[in-house]
Structure formats: structure tokens, C-alpha cells
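Participant: My questions all concern the structure below.
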Amino acid sequence: MSVIRPLKCDLTVIGTGMAGMAATLFAAHRGLNVVQVGRSGEVIFASGLLDLLGVHPVAAKKMWHNPWAGMRALVRDCPRHPYARVQTNDIKVGLKEFLAFLDGAGLAYHRHVGRNVEILTSMGTAKLTHGVPETMWPGVEALKEKKSCLLIEFRGLKGFSARQIAQVQKDRWPDLRTARIDFPEMEGFSEVYTERMARALESSRYRRKLAVAVKAHLSGAKTVGLPAVMGISNSRQVASDLAERIGADLFEIPGMPPSVPGLRLKEAFERGLPLLGVTLFSQKQVFDVSHKKGRGFVLGIGRAEVEQTIQSKGVVLASGRFIGGGLYADRDRIRETLFNLPINQPADRHDWHRKGFLDSRGHPINSTGLEVDDLFRPLGKKNRPVFEALFAAGSILAHQDWIRMKCGSGLAIATAFAAVDAFLKTGG
Amino acid sequence: MEKNRTIHKTQVLIIGGGATGAGIARDLSLRGVECILAERRDFNSGASGANHGLLHSGARYVRNDPQAARECRDESRLLKKLAPQCIENTGGLFVAVEGDDENFVADFPHLCTRCTIAVEELDIDEARELEPALSDKLIAAFRVDDAAVDPFRLSLENIAQAVELGCSLQLYSQVVGFTRRNRRIQAVRLLNTKTGRETTVEANFVVNATGAWAAEVAALAGARIDLLYSKGSLLITDKRISYRVLNRLRHSSDADILVPGGTVSILGTTSIRMDCLDDIRPTIGEIDYLIDTAAAMVPALKTVRYIRAYAGVRPLLDSKSLDDGRALSRGFAVLDHAAEGLENFASIVGGKLTTYRKMAEQTSDLVCRRLGIHAACRTRTQPLPARQDCRWTVAGLAPRLWLEQRQNDDLLLCECEMVPTSAVDVIVDSLRGQKAEPDLYAIGRRSRIGKGTCQGAFCGIRVTGYMYDRGNLTADQGLKDLRAFLTARWRGMRPMLWGAAVIQEELQEALHCGLFGLEL
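Residue numbers (the numbering used here), protein chains in the order written: chain A, 3 to 430; chain B, 97 to 616.
Given below as C-alpha cells:
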């Protein structure tokens, strides 16, 4: 292996999910010299919706239409939830900054600052969320007012049935009609894929043909819902052009992965962050880390083996949970994969999961994770930070169940904001 | 209420839709006897659907139960001829590793010969060449005629032929009561657990083929069977570990058998005495014990990925029930309840999957004798018809069929096991033909849907969408079915959640709960 001079930086962010992206963004905005490393394949599982807080307490299935009020109740009831360590104002500022960046990168989000909204999923259920991609936003209004609506499905696209959505919603929303159409120039294909359709629609030829096909079924519908396929890097233009051609409001419906809205996030960050001076190593992972007093961290990164070393004053660990690879479950215990940090967890595998998959209390394994101090530094023996300049953000943190609480993106952004802030405060 | 109840009249009511009940339904139907098969849940819901899928050569029983060994020898030969579509004729090995009892090893070939069971000693290197997964601490190896059998296809095809011959099938129909009059069962009350409706069956003869539940059902009729229950848990690996059936050559013990089946292998079992049949499920302690024990024979079992676990209950006949003349075999017994004052009621208990046909034959013989019907058994000579709609349970068959017969618009709804829309269509039609509900759970039991690494997380969504598209589902019925399906898969997933399976589970929960909110 050739020896390459280490790349020196202020802060290394490990992870390319929501929390890693947010931490990198905040650090870059604050003038830090930032390196970001991660495999970045997992973001295609992201729905594209920005949840802040939807449900608390989980066991009572209590829904919050005002996420900020829900957060106050949550912090009161669960003082160890990561939200409890972040000022509400910081969450608001961080969220705004995050959304402004995405807007600048061509990926606009809409929201009502003080409340959650409901959005239709491909399952036919209505989901409570906070920030909604512009391409999905007309669906919020359509659902709320039960507008006359046409749902489009594409022949050959598995796992998306317009008929299912209409059937599940039929008592609430009688004015839902469905149509099954061929995607332009893919008529003979046995199977069609959302990413491919989204890239096709970036060209006007496909939009023109799709508009013709949809219009044939419109018969007076005010809005049209369809799978999330309206472009990737320029979804705003694709959506507005299509809406104009069809002559109705258009909205996308989030569904099963691989997800185009997740891909849009990935592309927006990978395009926008380097413009802020970030050195981004996507498709790379960290193989080893060492720490020396006074010199900070030395990380060996690469694709299959160490190709590059990075010398960094501080590290934000945003490597996620099991999907992201930040945590790994052996048969007898859960471990943190890079620093071998202590994990708050049940004594026994018996207590990781409940007897029922849909148990309303959620599974204890989902609340395991890193214990941190108020500066988001992982704690080791005697509840002292393991390293002065190691911070953690996102779903790897303990005492939260982002899936059941519907707080994934909010948690990522809030804790990334706080972790970067803490790095600056502690002299980074 | 009483007046509105539907009354069905038939010659024979068979209670229990496992391999035995299915075999009896076919046997009687082939003899021209009219029957109804009533099953409390779906077919093979008990031990018939929770076993190794091992077609015994008999070698396993040569020491402790030579009669059972000979029965297995004869029946396995017969089934290989008559139902080859359900069988993968893998052959089997018996192997011992360092530390195993050498006297036991030395006796084994003689004991096999005594029962005229084919056995061939292999040298160690040869055995490890045949089965590279075997431990390098092998001390002995013998080749026998074990094979793998798909118990789901077996039962489905038995039932399908019976139905074709006029047998009527009642799934989700639980026996809730018997009406006795003049030493006879006059009527049996069935409750449909899905619709809540009760029906009555008036049969000339009633057969209790409910496996582990035989004592409970008999008690409802006022008859007594003394059963002991032994739970056995098994694990499925995500890929096939061996070509042949691998048996540990020692006194019958836990974690001794690894059976291949298409693209997977099945490891088992434990043997735990149970007092109660409620909530039978594999425990984490059993799983860990199975893996650690079996690794002595096949070390890779420590590191391989597991897909799921399941548990079945072996009903063991307490010797008190075996009066003179009642016991037809030590492996199984046909209990005629005439001595207890019930002249038209018999129970079939014990036995093994390998001998299911013989159990059905002897039960049907008794039924015909008592009904004065002179018709010989035909299952001994007549092949079990292979059917298009019953073949989707076989692991690894779907990818082959899909590649061979692929139609351009035949989408794969299950990408792990490659189950296409056309298979779902065939199964739905078949269920409709048997007047059964084509829900996701029933489709899953009749195919490999939900059996692969995603355990239904993705294919469950795709099949649900497809069923809506076909007009098979209305309102939110598909969501209810999906919840029930995921809940059923979870039983087997939960004890196996570590490593890659935890990643898969997190993804499933993020999708089904995080996005779709199915838990709310």
C-alpha cells in the first residue's frame, strides 16, 4: 500500500445519511474545513419526507398536529431523548438552514412552520409529517380538502397500486379515481423502474407524451397523484412543466424503496456540499481510527481497504444504526462498529424485540444506542466523554425510536446542529 | 340460531388438515367414499408444516425402534416412486465426530442390516469430499437413502386430488362440539373462525386426525387419549449448506439433523416437554443451543445467515392408551373409540411424515370396515398427481420455472424467491376453487412468498398491490391481511434477529411503520 500524505481538516463527519449531511452542511457554513466520509447507498431508502415529531407517547399512539407542542411533551416525559439536549430555537434555526440549502440546490421543501401535515402514502394510509418536497406538496391540500383527484399508476411498476390507495381511502375520500397507463416509450417493457422514469422525465419529450396519456383520463379532475418519478436533479421544473401541460395540480406519492426522493436528497447534497468547500468521500468507509492527544484523530478510509488517511481535530459520528452500519448486532450484544463505544442496551437478546412486530410500544432495540453528554459526546466509563472532540448525531443516539415517533429527520438535523455547535464551543 | 345453522351430511368427516388428514381424504376419496375435511386454520398448520421435511430411510430408528425403521424404509421407497415431484432424492449421511460414542458407531451398520436398510461405510476423506461443510473432526461416515420431502406440496396435492374426487374442504373451521346419541356421534359443530358462523356436519363416521390436538378434540367428544407433548424447534438457513441429509451418528439427541430443501437447509431439532399447546414458538435459548450444538458436525452453522425459526409439537402416545389390539405400530396408532361407547369415532395419533400414507391407509381401512364399504386402498399403487397449482412451495423451483417459461409481462412479485404474478394467479384461482379465501397469508402458505431474506417486507407490499389491481381486495382489507401476514412471519423472525437479519428488520420497520404507519 502506498503511503499518501494525510489530509488535514478541522472536522470529519462519518456518515452520509440525513444527520451526516446536516452536520457537514452546518460545519461548512460555519467556516470549518470539513471532510465527509460514507457509503451513501442507504439514502435511497429515505422517503424524502422530513418528520419532526408525529407520535408521542408511542404506546398511546398519540398524534401531534403541532410538532413543537409534541416536542415539549416528549422532553418532559423522556428527559433522555436527544431532543431534550437541544434548544428548541436551535432546532428551528437548524431546520431553516437545512431547508434553505436544499432550496438552493434545487430541491424545495414546503411546510407550515407551526404544524404537521398529512400526506398520502402508496399503502393508502395517511402519514403525519412536517416538511414535504415541493413535488408532493399539492397532495397535502388535495387530501385535506378531498379534491376531485385522479391517481395514476404505471404498468410494470411493482408495489404501487393506485387502486389500492383509492380503495383504502374510499370512505374518507370518495372522489378518487384511478387510471393505469403505460410510461411513454416503455410500453413493451415487462418492468419499469422509478429511477429510470424519473431520469426520462427530465427530457421534455417524455413529459409531452406523459401529459397526453394522463390528460386522456383527466375528465375534470383538479389534481393528479402519481408515484414519485418527476425528475431527479430538476424536479421543480419537471413538476411545473408537467402540471402545465396536463392542466391540473400534480403531486407525488411516496412509496417503497428504491426511492427517487431519497436519490434527490443524495444528489442535492453531493452537488451542493463540495461548492461549500467540503471534501466528500462518497462510496468510501472508515476502516480504522486512532487518536493522539494534541494531534486529534487519524482515520484510514477507502473503498475496500485504506486508500487515504485523514487527520482531523474533531469527528462527528453520524454512522446511523444497523442499516447505516453504525451499529451491529452480534448474537449476544449490540456494538458500535468504529470506536467500539459502549452501547446502552438490554442485558439479553430476549429483550431486543417484542413478541409482536406491530406492538404499539415499539421494540426496545430501537432505543438502544450511544449515551452522550449535553455536548453530544459519547460517554464511556464513569460517564465521562470517551474523547474530548468526538461527537455523535442522528439515529445512533440512544433513547429515541425515530421510526415509531416519526422524528427521524428532525432528530438528524437537531443533533447535527448541536454536535457542530459543541465542536465549535469546545475549541474546534 | 339453531334453526339457521347449515347442516352438511356426509359419509366421513375428517378433522385435521395436516399430512395425515390430507392423506385420509385422498385415500377415502379414491375408494369412492364421500368426505368432508375440516381444518381449524390453514392446511399443515401443526407439525406437518413445522418439521424437517425429512423422508427417513429408517436408519435413524434402527436401534430404538426397528418396526418404525422398517415402516420408514418401505414408505420412503414407495413415496419416491409415487410422489417424486414432492421429493428431492438427496441421499443421506450419518456421521460421527471426535468425542461421539464409538461403540454406537460400530453397531450402526449391523443394526441397519438387521432391518434390511441399505447402508454403506465411507472413508472420512470421501465423506468430506461429498460434503465439504462437514467438520474436519469426523471419525465415521455412512451413506443411507434419506431424502428431502416438501410437506406443503405433499399435503396440497393430497387435498387437491381429494377435492377433485368430491371431497369438500372447510378451512378455518374449528370443532366446537359433538352431539352424541345412542353410542354414536350424531353431529359435529364447526365454527368458522373467520366469519364466526357455525355449521353442523352429520357424518356416518368421524376421524380425528388433529395431531397434537387429538386429545383435546377427543375430549370434546367424550373420549380419552393420553398424549404427551414434545416441542421441537428448527431453523432455516438462507442458503443450502449440504447436498445430502446430514445426521449425527449418536444416541438420538438435539440438533442432530440438517436437511437440505431446494435452496435452503433446515437444522433441528430440540425436544422440550410441554404441558400446554397454546403459543408454541421457538425461543432464543433453543435457537442458540441448536446452533452451538450442531456446529460440532457442520462448523459453518455458527456463521451462516439464518432466515427464520419455527416450532412444532410431537404428540407422543402415552402407553396407557395402547390397550391390546389397538396399537397397530409403535410409531403410530389408530384408536377406535368404540370401546368407550363411541362406535363411529376413531383417532389417528403419533407417526411421522414419512409414514403419513400408511397411517392414512390403516385409518381408512378401519373406516371402511365400520361402514361396510368394500374398497381396497389405492394409494399404495396409484401415483400422486403432480399439479401446477401446488408446486410453488418448493424452494428453488420458482426461479427455474420463471426462467424457462417466462412471459414478458410476468412480473416477479417476490424477488428473493422469484415468485411471479402468474403463480399468484394460479394460487388465487385454486383457493377460489376450494372455496377458500385468497388472502396474503394463504398465498404465502402455498408459495415461497415471504420465505426469502426479506421475510415479506417487500413482497408483502407487492402482492397486496397486485391483489388490489386484480380486484381481489376492497377497502382496507389488504392492509389487515398484510398486518396479519407480517405478524405471522414475525413469530419465526424474532428469535433469529442478529447480524444481517437486524438490518433487514430495521428496514422493514422503517418502511411499514415509519412511512406507512401500519402500527398506528
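Idealized CB from N, CA, C, for every residue including glycine.
This structure is a prediction, so every number in the text was calculated from the model and none was measured.
Please go through the same chain and pick out, in chain order, the residues whose beta-carbon is closer than 6 Å to the beta-carbon of residue 100 of chain A, but skip the five residues on each side of it.
Facilitator: As a working mapping, residue 100 of chain A is identified with position 98 in the first sequence. If we look at residue 100 of chain A and ignore the five residues flanking it on each side, its Cβ neighbours are 24, 415.
Participant: Can you name the residues that DSSP bridges to residue 283 of chain B?
Facilitator: Position 187 of the second sequence, counted from the start, is the residue given in the question as residue 283 of chain B. Beta-bridge pairing links residue 283 of chain B to B:275.
Participant: Put residue 138 of chain B into one of helix, strand or coil per three-state DSSP.
Facilitator: The residue given as residue 138 of chain B occupies position 42 in the second sequence. Of the three classes helix, strand and coil, the one that applies to residue 138 of chain B here is coil, per DSSP.
Participant: Excluding sequence positions up to five away, which residues of its chain have a Cβ less than 7 Å from the Cβ of residue 370 of chain A?
Facilitator: Position 368 of the first sequence holds residue 370 of chain A. If we look at residue 370 of chain A and ignore the five residues flanking it on each side, its Cβ neighbours are 336, 345, 346, 347, 400.
Participant: Return the residues of the region 588-612 of chain B that lie within a Cβ-Cβ distance of less than 7 Å from chain A, sorted by chain order.
Facilitator: 590, 593, 594, 595, 598, 599, 602, 603, 605, 606, 607, 609, 610, 611, 612
Participant: Expressed to the nearest angstrom, what Euclidean distance is found between the alpha-carbon atoms of residue 377 of chain A and residue 421 of chain A?
Facilitator: Taking the first residue of the first sequence as position 1, residue 377 of chain A is located at position 375. Taking the first residue of the first sequence as position 1, residue 421 of chain A is located at position 419. Residue 377 of chain A and residue 421 of chain A: Cα-Cα distance of roughly 7 Å.
Participant: Please decide whether residue 330 of chain A counts as near chain B, where near means a Cβ-Cβ distance under 9 Å.
Facilitator: Numbered from 1 along the first sequence, position 328 holds the residue referred to as residue 330 of chain A. So, interface residue.
Participant: Between which two residues does the alpha helix (DSSP H) harbouring residue 246 of chain B extend?
Facilitator: Translated into positions along the second sequence, residue 246 of chain B becomes position 150. Residue 246 of chain B -> no alpha helix (DSSP H), and no H or E assigned at all.
Participant: Going by DSSP, what residues sit across from residue 184 of chain B in a beta bridge?
Facilitator: Locating residue 184 of chain B in the second sequence gives position 88, counting from the first residue. Bridge partners of residue 184 of chain B: B:244.
Participant: Indicate whether the contact test is met: 3 or more Cβ pairs, each with one atom in the region 226-241 of chain B and one in the region 185-193 of chain B, closer than 8 Å.
Facilitator: Three or more Cβ pairs closer than 8 Å define a contact, and the region 226-241 of chain B meets that threshold against the region 185-193 of chain B.
Participant: How would you list, in chain order, the residues of chain B whose beta-carbon sits under 9 Å from the beta-carbon of residue 410 of chain A?
Facilitator: In the first sequence, the residue the question calls residue 410 of chain A occupies position 408. Chain B residues near residue 410 of chain A: 606, 610.
Participant: Quick one: what does DSSP say residue 628 of chain B is sitting in, helix, strand or coil?
Facilitator: Chain B is shown from 97 up to 616; residue 628 of chain B falls before or after that span and cannot be answered.
Participant: Under 8 Å by Cβ, that's how I've got residue 410 of chain B and residue 143 of chain B pegged, so tell me the actual separation to the nearest angstrom.
Facilitator: Stepping through the second sequence from its first residue, residue 410 of chain B is reached at position 314. Stepping through the second sequence from its first residue, residue 143 of chain B is reached at position 47. About 6 Å; that satisfies the 8 Å criterion.
Participant: Distance, Cα to Cα, residue 239 of chain B vs residue 217 of chain B?
Facilitator: Along the second sequence, one-based indexing puts residue 239 of chain B at 143. Along the second sequence, one-based indexing puts residue 217 of chain B at 121. Near 6 Å, if we compare the C-alpha coordinates of residue 217 of chain B and residue 239 of chain B.
Participant: Can you give the Cα-Cα distance for residue 599 of chain B and residue 49 of chain A, rounded to whole angstroms?
Facilitator: Start at 1 with the first residue of the second sequence, and residue 599 of chain B comes out as number 503. Start at 1 with the first residue of the first sequence, and residue 49 of chain A comes out as number 47. C-alpha separation (whole angstroms): 17 Å.
Participant: Identify whether residue 461 of chain A lies in helix, strand or coil by the three-state DSSP scheme.
Facilitator: What is shown of chain A runs 3 to 430, which leaves residue 461 of chain A out entirely.
Participant: Consider the Cβ of residue 403 of chain B: report whether some Cβ of chain A lies at a distance smaller than 9 Å.
Facilitator: As a first step, residue 403 of chain B must be located in the second sequence, where it is residue number 307. Not an interface residue.
Participant: So, do the region 127-135 of chain A and the region 110-122 of chain B have three or more beta carbon pairs nearer to each other than 8 Å?
Facilitator: Output reads no: the region 110-122 of chain B does not touch the region 127-135 of chain A.
Participant: Mark residue 522 of chain B as exposed unless 16 or more other C-beta atoms lie within 10 angstroms of its C-beta, in which case mark it buried.
Facilitator: Numbered from its first residue, the second sequence carries residue 522 of chain B at position 426. That one is buried.
Participant: Thinking just about the alpha-carbon of each residue, which of B:186, B:110, B:541, B:576 is nearest to the one in residue 313 of chain B?
Facilitator: Within the second sequence, the letter at position 217 stands for residue 313 of chain B. The candidate whose alpha carbon is nearest that of residue 313 of chain B is B:110.
Participant: How would you write the range of the beta strand (DSSP E) that residue 293 of chain A sits in, first residue to last?
Facilitator: Walking along the first sequence from the start, residue 293 of chain A turns up at place 291. 287-294 is the span of the beta strand (DSSP E), which, as asked, contains residue 293 of chain A.
Participant: Kindly indicate if chain B contains any beta-carbon less than 9 Å away from that of residue 184 of chain A.
Facilitator: Indexing the first sequence from 1 puts residue 184 of chain A at position 182. So, not an interface residue.
Participant: By DSSP's criteria, residue 45 of chain A is part of a beta bridge. Which residues make up the other side?
Facilitator: Position 43 of the first sequence holds residue 45 of chain A. Per DSSP, none; premise fails for residue 45 of chain A.
Participant: Give the interface partners of residue 640 of chain B over in chain A, defined as CB-CB distance under 7 Å, in chain order.
Facilitator: The requested residue 640 of chain B is not part of the displayed model; chain B covers only 97 to 616.
Participant: Going by DSSP, what residue range makes up the beta strand (DSSP E) through residue 429 of chain B?
Facilitator: Against the second sequence, residue 429 of chain B aligns to sequence position 333. Start and end: 428-432.
Participant: Following the continuous alpha helix (DSSP H) through residue 540 of chain B, name the residue where it begins and the one where it ends.
Facilitator: Here the question's residue 540 of chain B lines up with position 444 in the second sequence. Per DSSP, residue 540 of chain B belongs to the alpha helix (DSSP H) from 536-541.
Participant: Spatial neighbours of residue 291 of chain A within its chain, please: CB distance less than 8 Å, with the 5 preceding and 5 following residues excluded, ordered by chain position.
Facilitator: Here residue 291 of chain A corresponds to residue number 289 of the first sequence, with the count starting at 1. Closer than 8 Å at Cβ, skipping near neighbours: 299, 300, 301, 302, 317, 340, 341.
Participant: Does the CB of residue 257 of chain A have a neighbour CB from chain B at under 9 Å?
Facilitator: Translated into positions along the first sequence, residue 257 of chain A becomes position 255. For residue 257 of chain A, the nearest CB of chain B lies under 9 Å from its own CB, placing it at the interface with that chain.
Participant: Take residue 503 of chain B and list the residues in its own chain whose beta-carbon comes closer than 6 Å to its own, dropping the five residues that flank it on each side.
Facilitator: Here residue 503 of chain B corresponds to residue number 407 of the second sequence, with the count starting at 1. Closer than 6 Å at Cβ, skipping near neighbours: no residue.
Participant: If we ignore side chains and look at the alpha-carbon of each, how far apart do residue 246 of chain A and residue 531 of chain B end up?
Facilitator: Your numbering for residue 246 of chain A matches position 244 in the first sequence. Your numbering for residue 531 of chain B matches position 435 in the second sequence. About 50 Å.
Participant: In or out: residue 368 of chain A buried (at least 16 other Cβ within 10 Å) or exposed?
Facilitator: Here residue 368 of chain A is taken as the residue at index 366 of the first sequence, counted from 1. That one is buried.
Participant: Specify the secondary structure class of residue 299 of chain B as computed by DSSP and reduced to three states.
Facilitator: Along the second sequence, read from residue 1 onward, the residue named residue 299 of chain B stands at position 203. In this structure, residue 299 of chain B counts as strand in the three-state DSSP scheme.
Participant: Output yes or no for whether 9 Å exceeds the beta carbon distance between residue 330 of chain B and residue 412 of chain B.
Facilitator: Counting from 1 along the second sequence, the entry for residue 330 of chain B is found at position 234. Counting from 1 along the second sequence, the entry for residue 412 of chain B is found at position 316. No, Cβ-Cβ distance for residue 330 of chain B and residue 412 of chain B is not below 9 Å.
Participant: Out of B:339, B:215, B:558, B:212, which one is the CA nearest neighbour of residue 577 of chain B?
Facilitator: Here residue 577 of chain B corresponds to residue number 481 of the second sequence, with the count starting at 1. Looking at the Cα atoms, B:558 is the closest of the given residues.
Participant: So with CB distances below 9 Å, who are the chain B contacts of residue 287 of chain A?
Facilitator: Position 285 of the first sequence holds residue 287 of chain A. Here the premise fails: no neighbours, minimum Cβ distance about 15 Å.
Participant: Per DSSP, residue 266 of chain B is paired with what?
Facilitator: The count along the second sequence starts at 1 and reaches residue 266 of chain B at position 170. The partner list for residue 266 of chain B (beta bridge, DSSP) reads B:134.
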